[in-house]
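With UniProt numbering, letter number 231 in the sequence shown gets 231, and the count goes up by one each step, no holes.
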Amino acid sequence: MEETKEISALLKLIDDPDDEVFGSVSQRIIQFGRTIIPNLEDLWENTVSEDTQERIELLIHRLHLTDLTEDFRQWSLAGHHDLMVGALLASKFQYPDLSTASTLQEMEKLRRNIWLELNNYLTPLEQVRIVTGILYGYYGLKSNELNYSNVNDFLLHNVVETKRGNQISNGILYLILCDLLDIPVKAIDLPKQFVLAYFKPGYSSESEDQHINKIEFFIDPTSGQVFSHKDVEAYFKRISVPPVHAYFKPYSNKRVIQNLLEEMAKCFDDEKNFYKSEELLQLASLLDQ
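Spelled out as structure tokens, the structure:
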């Protein structure tokens with residue numbers, strides 16, 4: 001953006017020690033939108049003070065967040081909530097300048113490799129074995145234990161790039177591929193787990209039937225291993241939780257992304273970065289609207 005007298009004056013006030021002055025300056029800078037980011041980046045490169053650099057970084061982050069919030073709002077309002085688009089928007093919270101082209105290309109390769117092995121005569125179990133075999137065998141997807149020390153484990157583009165994620169991000173990758181291939185696999189809300197379930201064809205989440213009766217089997221996205229109803233019953237007994245109806249209702253794509261944002265928020269529980277946790281929770285709550 002061309003540096004006008006007003007912009008020049010605002011940039012000079014970023015290092016003002018008075019928090020009230022900085023607050024007013026910040027609000028005005030944010031109003032210019034992302035076109036002012038190059039000016040801020042240039043100022044950062046020519047600033048010696050680390051405190052001032054942190055203020056500039058925060059301003060750039062807030063400008064990106066404003067755009068990302070609007071992108072999530074539009075995604076939420078869309079008729080079809082494309083899961084891959086939602087997951088890549090979540091990646092852009094941490095990597096606002098992310099180019100998604102390579103991720104989309106790799107996803108298309110995966111989709112095509114699986115599609116070539118599928119046919120209309122396969123049983124549900126055979127379909128899932130093909131998806132699992134290509135994703136975890138041929139492609140080499142691995143899983144890290146779920147922890148909150150590294151937000152990258154939750155990000156789809158990083159999973160595709162490194163072939164390693166956690167239960168949630170690997171599960172989202174699995175869901176996207178099944179969605180692209182019209183395989184009726186959905187996430188469900190088992191306690192302390194992100195588990196997938198193969199639903200019988202024609203099933204609707206609006207059905208009044210017991211959801212569990214419409215599930216053929218369950219899939220653990222850390223490895224692609226298939227579990228039976230008896231296995232899940234044993235899990236509920238082990239954790240001493242009754243298997244209520246709601247645990248087996250399939251997540252919508254909006255709820256999957258909402259869950260992803262809520263889990264990402266747990267990666268920023270330190271004092272310095274806690275504002276990011278609050279921002280992610282705000283984005284998650286936006287999807288309720």
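Note that the Cβ used here is the ideal one computed from N, Cα and C, for glycine as well.
DSSP three-state assignment for P250, whether helix, strand or coil: strand
By DSSP's criteria, Y198 is part of a beta bridge. Which residues make up the other side? V185, F217
Can you find the residues in the same chain that come closer than 7 Å, C-beta to C-beta, to K276, ignoring five residues on each side of it along the sequence? So the list reads F268, once near-sequence residues are dropped.
Boundaries (first-last residue) of the beta strand (DSSP E) holding Q225: 225–227
Below 8 Å between beta carbons: does that hold for L286 and T69? yes
If you check the beta carbons only, do L260 and I176 fall under 8 Å apart? no
Contact defined as beta carbons within less than 8 Å: I believe L63 pairs with I37. What is the distance between those atoms, to the nearest angstrom? The Cβ separation is near 6 Å, so the contact holds.
Where does K276 sit, in a helix, a strand or coil, going by DSSP? helix
For Q258, tell me which candidate among A234, D288, Y247 has the shortest Cα-Cα distance. Per the Cα distances, D288.
Compare the C-alpha of T222 against each of R255, K163, N253 and name the closest. Closest in C-alpha terms to T222, from the list R255, K163, N253, comes K163.
Segment limits, alpha helix (DSSP H) that includes L65: 50–77
Let me check understanding here. Comparing Cα to Cα, which of L83, I239, V151, V48 lies closest to M264? V151
Please state the DSSP three-state secondary structure of K142. strand
By the 10 Å Cβ neighbour count, where 16 or more other Cβ atoms means buried, how is I239 classified, buried or exposed? exposed
Whether K192 touches P250 by CB criterion (8 Å): no
Between the CA atoms of F93 and A9 - distance to the nearest angstrom: 29 Å
Grouping DSSP H, G and I as helix and E and B as strand, with all else coil, what is G33? coil
Starting from V151 and walking both ways along the alpha helix (DSSP H), at which residues does that stretch end? Run containing V151: none; DSSP gives neither H nor E here.
Please go through the same chain and pick out, in chain order, the residues whose beta-carbon is closer than 6 Å to the beta-carbon of D51, but skip the five residues on each side of it. Excluding sequence positions up to five before and after D51, its CB lies less than 6 Å from no other CB in the same chain.
Inter-residue CB distance, L59 and S24 (contact presumed, cutoff 8 Å): With 8 Å as the limit, L59 and S24 do not qualify as a contact, their Cβ atoms being about 13 Å apart.
Boundaries (first-last residue) of the alpha helix (DSSP H) holding K109: 101–115
Measure the C-alpha to C-alpha separation of V241 and E45 and round it to an integer number of angstroms. Distance between the alpha carbons of V241 and E45: 55 Å.
Going by other Cβ atoms of all chains shown within 10 Å of its Cβ, with 16 needed for buried, is R28 buried or exposed? With fewer than 16 other Cβ atoms within 10 Å, it is exposed.
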